[in-house]
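Undergrad: First the structure, then my questions, so here it is.
2 protein chains.
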Amino acid sequence: MTAGHRPGRSTESVDNYLKAILALSEPHGGRVMSKALAERLGVAPASVTNMLQKLAAAPAPLVEYERHRGVLLSPAGRRRALEIVRHHRLIETFLYEVLDYPLEELHEEAERLEHFISERFEARIAAKLGHPRTDPHGHSIPTLEGEMPHRSSLLLAEVTPPPAGSASCVYVVDSVSDRDATALRNLEANGITPGARLRLLPGERFLVSLAEPATGDASAQPISLTREDAQEIWIRPLSA
Amino acid sequence: MTAGHRPGRSTESVDNYLKAILALSEPHGGRVMSKALAERLGVAPASVTNMLQKLAAAPAPLVEYERHRGVLLSPAGRRRALEIVRHHRLIETFLYEVLDYPLEELHEEAERLEHFISERFEARIAAKLGHPRTDPHGHSIPTLEGEMPHRSSLLLAEVTPPPAGSASCVYVVDSVSDRDATALRNLEANGITPGARLRLLPGERFLVSLAEPATGDASAQPISLTREDAQEIWIRPLSA
DNA sequence: TCCCTGATTTAGGTATACCTAATATTTAGG
DNA sequence: CCTAAATATTAGGTATACCTAAATCAGGGA
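As you go down the protein sequences, you meet chains A and B in turn. 39 is the number of the first residue of the first sequence in the numbering used here; add one for each residue after it. 39 is the number of the first residue of the second sequence in the numbering used here; add one for each residue after it.
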């Protein structure tokens, strides 16, 4: 082995499996199938099976796995996955706030570093940042205790716009995805960042405009989003 | 492979071999033998031979290696080694200045992270720190262009103190080693950090006292160092 | 119910980077 | 100059994490 004495006990690769299982099980809360994992991790399905078998056979398994029935995080596995997500999001926040990284370059750097920082590093950047609760993309940062603060939000791509002729309605941008740098740059250029007010125009899907934070008035010309863009944006009702 | 798309081209392990060859060849400037490398890297001599053969056989070799005659860095290998050393020392400086790490914990964290930061990360922390020329241990930081600024200094363990009865003489602490955290904590507790004035008392080896920066006067009771401590301290004459 | 298709798993193989034990080379002492 | 000790190399093996190709399994439609 070449990555021997890492602060955490697991390898970079194992960390990535755990993170992927967490992310894919989040929507439905159930078991995750190998194919989905293989796709997300960019490896062959056979590699996934192999890894899951090894993980499940370990003395203190990080996953529960049954042949042909998919995989689930064990409590320990979930704790580790959340620790890595916490690292990732704290690092992103740090790069953004302290090192002035552009929004769309946060993910790649954090994706690498999240596996290698010590507890001390984590603690120090968290303190420096004033223990932030969300990262620059609007995602919740898991707590030190391994709790993931829940946020309820809607994927813009799945929201039906108000019927033609009726009034438009205003939402708040809850978060944007960090995984596609190009889309992210595009959204940012249009002012669509976490906290922004988004007015859904009636009738047409994915036709929106920015709204003034205070008044809710439209402040710019309509923005026509692609379906792909809408897949990257989570919104919540203004009131909540 | 598990550490795929790293900013640099080489692996963590290869980086460490290059750094070790650089460090061990620095004193005499000549070839480095497998045994010395094996000791420094904490691997078996056979593993070193293996790695050197592979490195030397690569299309654009990072080392020049001849069986039984030791190894030398190629220009490309030296460039890469200096890049990693630059990373290491910039990270140490950053951890110390920005994240308030204690001196003796810099090395371990930097040793891990040096392999994984991007060019952008390097550039940003260098800018944030005002492009420092030395790290908190007093070591020169290689330039972006791959030059290692030379500093001439003497290992305290090898300096003969002034003869008994004659005057003591004053040196400046040029640098302290970063590899032994315990020794480092001890030195720091005694005020022996880069830039401190050190008065060598006559006769006894390793018997020193701190001196006032301005006057050169002794400002404290004598400090009795062990031979091991003296192996960790580099000094230069006051004038230089 | 049966079978077909897609998903999953098994089998067998690659590359990296390490190990130990056995062998070979160099060098320094007599 | 020749041998013994120190050093280096070869040979063969382990573990991780990936791959492809060849079985095998599970669930839905005829």
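Built from N, CA and C at the ideal position, the CB exists for glycine as well.
Could you name the residues of chain A that B:Lys57 contacts, counting a contact when the two beta carbons are closer than 8 Å?
TA: Within 8 Å Cβ-Cβ: nothing; B:Lys57 doesn't reach chain A, min ~14 Å.
Undergrad: Whose C-alpha, out of B:Leu120, B:His125 and B:Ala219, is nearest the C-alpha of B:Glu185?
TA: B:Leu120
Undergrad: Do the region 217-229 of chain B and the region 256-270 of chain B make contact, defined as three or more Cβ pairs closer than 8 Å?
TA: yes
Undergrad: Between the C-alpha atoms of A:His26 and A:Ser112, what's the straight-line distance to the nearest angstrom?
TA: Residue 26 of chain A lies beyond the range of chain A shown here (39 to 278); nothing can be said about it.
Undergrad: Among residues of its own chain, excluding the 5 on either side of B:Ser48, which ones have a beta-carbon nearer than 8 Å to its beta-carbon?
TA: Same-chain partners within the cutoff: Leu56, Leu100 and Arg118.
Undergrad: Kindly list the residues whose CB is nearer than 7 Å to the CB of A:Thr87, restricted to its own chain and excluding five residues on each side of it in sequence; keep chain order.
TA: Ser72
Undergrad: Does DSSP classify B:Val136 as helix, strand or coil?
TA: coil
Undergrad: Please compile the residues from chain B whose C-beta is within a distance smaller than 8 Å of the C-beta of A:Ile10.
TA: An answer regarding residue 10 of chain A cannot be provided, because it is not within the stretch 39 to 278 covered by chain A.
Undergrad: Quick one: list the residues of chain B neighbouring A:Glu77, beta-carbon separation under 7 Å, in chain order.
TA: The contacting residues do not exist; A:Glu77 stays about 17 Å from chain B at best.
Undergrad: Look at the alpha carbon of A:His188 and the alpha carbon of A:Asp138, and state the distance between them as a whole number of angstroms.
TA: Here the alpha carbons of A:Asp138 and A:His188 stand approximately 28 Å from one another.
Undergrad: Compare the C-beta of A:Lys92 against all C-beta atoms of chain B and say whether one is closer than 8 Å.
TA: no
Undergrad: Assuming contact is defined by CB atoms lying nearer than 8 Å, are A:Ile179 and A:Val214 in contact in what I supplied?
TA: no
Undergrad: Which residues in chain B have a C-beta closer than 8 Å to the C-beta of A:Arg158? List them in chain order.
TA: Tyr139, Glu143 and Glu147
Undergrad: Check whether the Cβ atoms of B:Pro200 and B:Leu238 lie closer than 8 Å to each other.
TA: A contact, by the Cβ cut-off of 8 Å.
Undergrad: Under the rule that 16 or more other beta-carbon atoms within 10 Å means buried, what is B:Ala234, buried or exposed?
TA: buried
Undergrad: Taking 8 Å as the limit between beta carbons, can you name the residues of its chain near B:Ile261, skipping five residues before and five after?
TA: Result list for B:Ile261: Asn228, Ile230, Leu245, Val246, Ser247 and Leu248, in chain order.
Undergrad: According to DSSP, simplified to helix, strand and coil, what is A:Thr131?
TA: The DSSP-derived three-state label of A:Thr131 is helix.
Undergrad: Using a Cβ distance threshold of 8 Å, determine whether the region 145-155 of chain B contacts the region 74-81 of chain B, with at least three qualifying pairs required.
TA: no
Undergrad: How should B:Pro97 be labelled, buried or exposed, when 16 other C-beta atoms within 10 angstroms of its C-beta is the threshold for buried?
TA: With fewer than 16 other CB atoms across the displayed protein chains lying within 10 angstroms of its CB, B:Pro97 is exposed.
Undergrad: Round the Cβ separation of B:Asp173 and B:Ile122 to the nearest angstrom and send it over; I've been treating them as touching at under 8 Å.
TA: Not quite, the Cβ-Cβ distance comes to about 14 Å (not below 8 Å), so this is no contact.
Undergrad: What does DSSP give as the partner residues of B:Val246 in its beta bridges?
TA: B:Leu238 and B:Ile261
Undergrad: Can you give me the start and stop residues for the alpha helix (DSSP H) that B:Val214 sits inside?
TA: B:Val214 -> not in any alpha helix (DSSP H); beta strand (DSSP E) instead, spanning Cys207 to Val214.
Undergrad: Give every residue of the same chain whose Cβ lies closer than 7 Å to the Cβ of B:Ala114, excluding the five residues on either side of it in the sequence, and list them in chain order.
TA: Ala98 and Leu100
Undergrad: Which same chain residues, not among the five before or five after A:His66, have their C-beta less than 7 Å away from its C-beta?
TA: Excluding residues within five positions, none has a Cβ falling inside 7 Å.
Undergrad: Give me the Cα-Cα distance between A:Ser63 and A:Leu110, rounded to the nearest whole angstrom.
TA: Our two residues, A:Ser63 and A:Leu110, have alpha carbons roughly 8 Å apart in a direct line.
Undergrad: Would DSSP call A:Pro275 helix, strand or coil?
TA: strand
Undergrad: Which residue comes first and which comes last in the alpha helix (DSSP H) that contains B:Val52?
TA: Residue range Glu50 to Ser63 is occupied by the alpha helix (DSSP H) that includes B:Val52.
Undergrad: Round the Cβ separation of A:Val210 and A:Leu263 to the nearest angstrom and send it over; I've been treating them as touching at under 8 Å.
TA: The Cβ separation is near 16 Å, so there is no contact.
Undergrad: What residues from the region 175-196 of chain B come within 7 Å of chain A, judged by C-beta to C-beta, listed N to C?
TA: Cβ contacts with chain A come from no residue of the region 175-196 of chain B.
Undergrad: From A:Ile163 to A:Val197, what distance separates their C-alpha atoms?
TA: 37 Å
Undergrad: May I ask you to list the residues that DSSP assigns as paired with A:Leu111?
TA: A:Val101
Undergrad: What separation, rounded to the nearest whole angstrom, lies between the Cα atoms of B:Gly176 and A:Leu194?
TA: 54 Å
Undergrad: By the three-class DSSP mapping on this structure, what secondary structure does A:Glu270 have?
TA: coil
Undergrad: How would you list, in chain order, the residues of chain B whose beta-carbon sits under 7 Å from the beta-carbon of A:Arg150?
TA: Phe154
Undergrad: Please list, in chain order, the chain B residues whose beta carbon lies closer than 8 Å to that of A:Lys166.
TA: For a Cβ distance threshold of 8 Å, residue set Val136 and Leu137 of chain B lies close to A:Lys166, ordered along the chain.
Undergrad: DSSP beta-bridge partners for A:Thr172?
TA: The secondary-structure analysis by DSSP pairs A:Thr172 across a beta bridge with A:Ser178.
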